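Take a look at the structure set out below.
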Amino acid sequence: MRDIAILACGECKNRNYTTTRNKKTMTERLEKVKFCPHCRKRTTHKETKSGSPFIG
Ligand SMILES: [Zn+2]
Numbered sequence: 008m009r010d011i012a013i014l015a016c017g018e019c020k021n022r023n024y025t026t027t028r029n030k031k032t033m034t035e036r037l038e039k040v041k042f043c044p045h046c047r048k049r050t051t052h053k054e055t056k057s058g059s060p061f062i063g
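Heads up, the numbering used here is the position in the sequence shown plus 7, with the first residue counted as 1.
Rendered as structure tokens:
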């Protein structure tokens, strides 16, 4: 069973990436530096609650 976590840009709050996580072993909030097409630069993306998850 996989849980989908959405990674949102910490600056513009756009939800740019999705990833999967294991709730049983990962309790901390994910943070990854990724390129944000909206900011046009690399920003820290933080996990956000998946209200309406999308893939891709
Ligand atoms: Zn951004």
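Just so it is clear, CB atoms sit at the ideal spot from N, CA and C, and this is done for glycine as well. Quick caveat: nothing in here was measured; it's all calculated off a predicted structure.
Buried is the label assigned to C16, since at least 16 other Cβ atoms lie within 10 Å of its Cβ. Counting other Cβ atoms within 10 Å of its Cβ, C43 reaches 16 or more and is therefore classed as buried. The criterion of a C-beta distance shorter than 8 Å is satisfied by T26 and L37.
Ranked by Cα distance from K39, the first of R47, N29 and N23 is N23. Taking the C-beta atoms as reference points, K41 is found nearer than 8 Å to L14.
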